[in-house]
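Residue numbers (my numbering): 64 to 313.
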């Protein structure tokens, strides 16, 4: 491993609240005030947070659509001795959000990276799900089209608890497809609007959750937790359905 370049600045990965604005650390506030520039997934969203915290640090866009283009100019700023903070719209940067490429490039150029602890949506979701949390696998968002069926098939006999992120517009479709593949009785938990006023967690079988959210359209960002495969109790469904064209309107 190469030594850190002492003349370069540092990249700080700063988690931001996933809902409740009180869920930001004193250290995060200090770093956001001290850095030369904040790289934000959405400058409007992060701008509102910084305004709430009375922070005047300049913002610059750094998101999935410009990540490759912005990479080298960002590295150049760090090499010039600038300290930068990377934030996503909510939660910890790099978890189903931009960040991985920048962190990797920093290490290539011997630039120091520091990640602050803080909010991540799947942690409270799995802890309060009632499903085993000693071992789990994080899947993030399933592919919308190509590769969706293959990904689900690979998880059919995964024995660790499985974590998904999902849009409210695709939750029912995802629950239906998992029910078909994993079996209707596989236990699961849906958490939405975590840390917000209307936070809700609903537990049950995939069949029960599918039926409920078919009648009650969900709102807000969603974390879906699914129990792992148990060879003694689980009866698998089937994976004959073609998921390759599954893509709901946002």
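Every residue, glycine too, gets a C-beta built ideally from N, C-alpha and C.
For residue 224, the nearest candidate out of 161, 124, 230 and 192 (CA to CA) = Minimum Cα distance to residue 224 is reached at 192.
Three CB pairs or more closer than 8 Å across the region 272 to 287 and the region 184 to 202 | Touching, per the Cβ criterion.
Can you say whether residue 84 is buried or exposed, counting buried as having 16 or more other CB atoms within 10 angstroms of its CB?
-> Counting the other Cβ atoms within 10 Å of the Cβ of residue 84 gives fewer than 16, which makes it exposed.
Are the beta-carbon atoms belonging to residue 151 and residue 79 less than 8 Å from one another?
-> The Cβ atoms of residue 151 and residue 79 lie closer than 8 Å to each other.
N-terminal and C-terminal residue of the beta strand (DSSP E) that residue 185 is part of = Looking at the DSSP string, residue 185 is not in any beta strand (DSSP E); the run it does join, the alpha helix (DSSP H), is 185 to 190.
Inspect the CB distances between the region 236 to 246 and the region 271 to 281 and report whether three or more fall short of 8 Å.
-> Taking a contact to require three or more Cβ pairs closer than 8 Å, the region 236 to 246 and the region 271 to 281 qualify as touching.
Assumed close pair residue 147, residue 98 - CB separation to whole angstroms, cut-off 8 Å | In this structure, residue 147 and residue 98 form a Cβ contact; the two beta carbons are roughly 6 Å apart against a cut-off of 8 Å.
Rounded straight-line distance, which links the Cα of residue 140 to that of residue 250 = The straight-line gap from Cα to Cα measures roughly 48 Å.
Can you tell me which of 125, 229 and 95 puts its alpha carbon nearest to the alpha carbon of residue 119?
-> It is 95 whose Cα lies nearest to the Cα of residue 119.
Per the contact definition of three or more C-beta pairs closer than 8 Å, is the region 161 to 170 in contact with the region 124 to 137?
-> Contact between the region 124 to 137 and the region 161 to 170 is present, because at least three Cβ pairs lie under 8 Å.
From the DSSP output, in three-state form, read off residue 309 for me.
-> Residue placement at residue 309 is poorly supported in this model, since its pLDDT is 44, which falls under 50; the coordinates are not used for a value here.
7 Å CB neighbourhood of residue 159 in its chain, flanking five on each side removed = Once the five neighbours on either side are set aside, the close Cβ partners of residue 159 are 203, 204 and 228.
Measure how close the beta-carbons of residue 247 and residue 230 come, nearest whole angstrom, since I'm counting them as under 8 Å.
-> With 8 Å as the limit, residue 247 and residue 230 do not qualify as a contact, their Cβ atoms being about 23 Å apart.
Sequence ranges, beta strand (DSSP E) only - wholly within the region 121 to 163, length at least 3 | Segments of the beta strand (DSSP E) lying fully in the region 121 to 163: 122 to 124 and 147 to 150.
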